[in-house]
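Here the sequence shown stands for residues -23 to -1, 1 to 188, where the numbers follow mature numbering (1 follows the signal peptide of the UniProt record, and there is no 0).
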Amino acid sequence: MKLFIATILTTLILISASETCHAQTDNKVVQFSGIVVDQDATIGIPGVHIYAPKSGRGTTTNPYGYFSMAVLEGDSLIVSAVSFEKQKIRVPRLSSDRDSYTVVITLKQDTTYLEELEVYPFPSEEMFKEAILALELPNQYDIDNMRRNTNRSNIRNYSNGLSMGAEGNHQYYMAQQASAYNHKFQPNSISLLNPFAWNTFIKSLKKREKE
């Protein structure tokens, strides 16, 4: 009895397997080809994977986005590429006089936004701020000297103690020449009686008092 049951089960399994193989052979081989483009459809996308998960067959697009591979009618294909959404395509059944199928596949951009990540070399933000405030540069001494030398009040004090330069000497000489030319045929005037000289003298005194 057990032998009879085992024989029946084996026969049913063989019949089912033969029907499956027969159904698979009914799906003819199709040359599946095409081009994969982005949403703008301006250029092809290179390196796109097109494969059939069941059979394990697959291919990759060339630098221009073109591909070509042999598949079976009814195969489900997966199209995937980095930074693009996956897409599934099913190969339709073709008429008896056709053995190729051509498509244009458009992939959508897959944008992933990551959360902001701040990296600190210190355990807390407060310690980081304290370290920055306490930071002393290697040339801090030179920086302090530069700040002192470029201070406006120091520069003004230094300039008051400097002797007249080449430009000042030239202006003074030209003024003396002009004065001598204007008073060439006149008697020499006394500066103590010149109101303009007194005005200049008083202004210089007031300027020194303010400093």
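For each residue, glycine too, the CB sits at the ideal point set by N, CA and C. For clarity, every value in this text was computed on a predicted model and none was experimentally measured.
CB contact flag (residue 10, residue 43, <9 Å): In the sequence shown, the residue the question calls residue 10 occupies position 33. In the sequence shown, the residue the question calls residue 43 occupies position 66. Closer than 9 Å, so yes.
Bounding residues of the beta strand (DSSP E) (the contiguous stretch that carries residue 47): Taking the sequence shown and counting its residues from 1, one reaches residue 47 at position 70. Segment 43 to 49, the beta strand (DSSP E) holding residue 47.
Coarse secondary structure for residue 34, derived from DSSP in three states: Counting from 1 along the sequence shown, the entry for residue 34 is found at position 57. Collapsing the DSSP output to three states places residue 34 in coil.
Nearest-angstrom Cα separation, counted from residue 93 out to residue 109: For this step, residue 109 is matched to residue 132 along the sequence shown. For this step, residue 93 is matched to residue 116 along the sequence shown. The alpha-carbon separation between residue 109 and residue 93 amounts to approximately 22 Å.
Spatial distance of residue 56 from residue 30 (CA atoms): Indexing the sequence shown from 1 puts residue 56 at position 79. Indexing the sequence shown from 1 puts residue 30 at position 53. In a straight line, the C-alpha of residue 56 is about 11 Å away from that of residue 30.
Cβ-based burial, residue 59 [other Cβ within 10 Å; buried from 16]: Locating residue 59 in the sequence shown gives position 82, counting from the first residue. Here residue 59 is exposed, its C-beta having fewer than 16 other C-beta atoms within 10 Å.
Through-space distance from residue 123 to residue 117, alpha-carbon basis: The sequence position of residue 117 within the sequence shown is 140, counting from 1. The sequence position of residue 123 within the sequence shown is 146, counting from 1. When rounded, the distance between both Cα atoms is 10 Å.
Burial state of residue 21, where buried means 16 or more other Cβ atoms lie within 10 Å: One-based indexing of the sequence shown puts residue 21 at position 44. Under this definition residue 21 is a buried residue.
Beta-carbon proximity list for residue 52, same chain, < 6 Å, skipping 5 on both sides: Residue mapping note: residue 52 aligns to position 75 of the sequence shown, counting from 1. Same-chain partners within the cutoff: 29 and 68.
Buried versus exposed call for residue 82 [16 or more other C-beta atoms within 10 Å across all chains shown]: Mapped onto the sequence shown, residue 82 falls at position 105. Classification of residue 82: buried, given that the 10 Å Cβ count is 16 or more.
Alpha-carbon to alpha-carbon, residue 172 and residue 149: Numbered from 1 along the sequence shown, position 172 holds the residue referred to as residue 149. Numbered from 1 along the sequence shown, position 195 holds the residue referred to as residue 172. Separation of residue 149 and residue 172 (C-alpha to C-alpha, rounded to the nearest whole angstrom) is 20 Å.
Distance, residue 174 Cα to residue 159 Cα: Locating residue 159 in the sequence shown gives position 182, counting from the first residue. Locating residue 174 in the sequence shown gives position 197, counting from the first residue. In a straight line, the C-alpha of residue 159 is about 17 Å away from that of residue 174.
Option nearest residue 86 by Cα separation, candidates 101, 74, 98 and 64: As a first step, residue 86 must be located in the sequence shown, where it is residue number 109. Comparing Cα-Cα distances from residue 86 to each of 101, 74, 98 and 64, the minimum goes to 64.
Boundaries of the alpha helix (DSSP H) in which residue 99 is found, first to last residue: One-based indexing of the sequence shown puts residue 99 at position 122. Here residue 99 belongs to no alpha helix (DSSP H), and DSSP marks it neither H nor E.
Exposed unless 16 or more other CB atoms sit within 10 angstroms - verdict on residue 96: Position 119 of the sequence shown, counted from the start, is the residue given in the question as residue 96. When all chains shown are included, residue 96 counts as exposed.
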